[in-house]
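Data first, discussion second: the structure below is written as structure tokens.
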Amino acid sequence: MYLIVGLGNPEKQYEKTFHNVGFVAVGDVADLLGVKFKKKECEASVAEAFIGGEKVVIARPVTYMNNSGRAVKQLMAKYKIEPENLLVIYDDYDLPKGKLRIRASGSAGTHNGMRSVIGETGLKDFARIRVGIRDEAVNVPIINYVLSEIKKEDYELFSSACKQAAEAAIDFCKGIGIERVMGKYNSNA
Numbered sequence: 011m012y013l014i015v016g017l018g019n020p021e022k023q024y025e026k027t028f029h030n031v032g033f034v035a036v037g038d039v040a041d042l043l044g045v046k047f048k049k050k051e052c053e054a055s056v057a058e059a060f061i062g063g064e065k066v067v068i069a070r071p072v073t074y075m076n077n078s079g080r081a082v083k084q085l086m087a088k089y090k091i092e093p094e095n096l097l098v099i100y101d102d103y104d105l106p107k108g109k110l111r112i113r114a115s116g117s118a119g120t121h122n123g124m125r126s127v128i129g130e131t132g133l134k135d136f137a138r139i140r141v142g143i144r145d146e147a148v149n150v151p152i153i154n155y156v157l158s159e160i161k162k163e164d165y166e167l168f169s170s171a172c173k174q175a176a177e178a179a180i181d182f183c184k185g186i187g188i189e190r191v192m193g194k195y196n197s198n199a
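Just so you know, we're using the working numbering here: the sequence shown kicks off at 11 and counts up by one.
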């Protein structure tokens, strides 16, 4: 069984912000797998699918970004998810906009949502897909930037990046292995 979590904020006002690309990417996962977010459990909106006979739980925490770890911890316990079957997708200010970086483990970096996930679960060794959001031309504090709306001229770029992240997540859940997924999708980052 796999758990794919997209980090973001649940209110409509955050829908088109940089901080919600994780929500968009898991929405793309659900779309590609033909499922909808129908359940509310463990402080998350949840969709369930099967890939090659393996159950996949797709989640959007409703705890707000800085408390995302609560939902991840609860979902892992409920579904008995092993750390090697957890994948978290989130925005990353440290990467140029539209670039993907997939890793098998790591730190939270500057991301408060990931700090919460690592803090609540006590884990660092789990897969993550980072979607770059940094725009070199913009010089504002990170907190203001991540909560700002994606510019219309960048929609296509972020839409494409989120779709790639979704495809990478599905490959991960097919049991391809994180190293091969990294090799396939990190080449453009």
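Where a beta carbon is used, it is the ideal one built from N, C-alpha and C, also for glycine.
In this text, all values refer to a predicted model and were calculated from it rather than measured experimentally.
Q) Do the CB positions of Ile139 and Val156 come within less than 8 Å of each other? A) The Cβ atoms of Ile139 and Val156 do not sit closer than 8 Å to each other.
Q) Going by Cα to Cα distance, which pick from Glu166, Glu177, Lys90, Val191 is closest to Lys107? A) The shortest C-alpha separation from Lys107 is found at Glu166.
Q.
Which complete beta strand (DSSP E) runs does the segment 76-126 hold, if anything under 3 residues is left out?
A. Fully enclosed beta strand (DSSP E) runs of 3 or longer: 96-106, 110-113.
Q. Is the CB-CB distance between Gly116 and Lys90 below 8 Å?
A. Cβ atoms of Gly116 and Lys90: not closer than 8 Å.
(Q) Here's a check: name, in chain order, each residue in its chain whose Cβ is nearer than 7 Å to the Cβ of Cys172, leaving out the five neighbours to either side. (A) Only Val31, Val34, Ala35, Asp38, Val141 meet the Cβ criterion.
Q. Can at least three beta-carbon pairs, one atom from the segment 42-51 and one from the segment 95-113, be found at a separation below 8 Å?
A. These segments do not touch.
Q.
Which same chain residues end up closer than 8 Å to Asn122 when comparing Cβ atoms and leaving out the 5 residues on each side of it in sequence?
A. Excluding sequence positions up to five before and after Asn122, its CB lies within less than 8 Å of the CB of Met75, Asn76, all in the same chain and listed in chain order.
Q. Quick one: what's got a C-beta closer than 8 Å to Glu146's C-beta in the same chain, skipping five residues either side?
A. Around Glu146, the same chain offers Pro106 as residues with beta carbons nearer than 8 Å, after the five sequence neighbours per side are excluded.
Q | Runs of beta strand (DSSP E) lying entirely within the segment 28-62, each at least 3 residues, in chain order | A | If we require 3 residues or more, the beta strand (DSSP E) runs fully inside the segment 28-62 come out as 49-51, 54-61.
Q. What distance in whole Å lies between the Cβ atoms of Tyr195 and Ala178, which are believed to be in contact at a cut-off of 8 Å?
A. By a beta-carbon distance limit of 8 Å, Ala178 contacts Tyr195. Their separation comes to about 4 Å.
Q: Give the single residue among Ala40, Gln174, Glu189, Glu21 whose Cα lies nearest to the Cα of Leu110.
A: Scanning Ala40, Gln174, Glu189, Glu21 for the CA closest to the CA of Leu110 turns up Gln174.
Q: Give the DSSP-derived three-state secondary structure of Lys134 in the structure shown.
A: The answer is coil: DSSP assigns Lys134 none of H, G, I, E or B.
Q.
As a quick exercise: from Asp164, Ile61, Val56, pick the residue whose alpha carbon is nearest that of Ala69.
A. Between Ala69 and the set Asp164, Ile61, Val56, the nearest pair of CA atoms involves Val56.
Q | Nearest-angstrom Cβ-Cβ length linking Leu85 and Ala54, presumed shorter than 8 Å | A | Indeed, because the Cβ distance is near 6 Å, the residues count as touching under 8 Å.
Q) Under three-state DSSP, which class holds Leu167? A) Leu167: helix per DSSP, three-state reduction.
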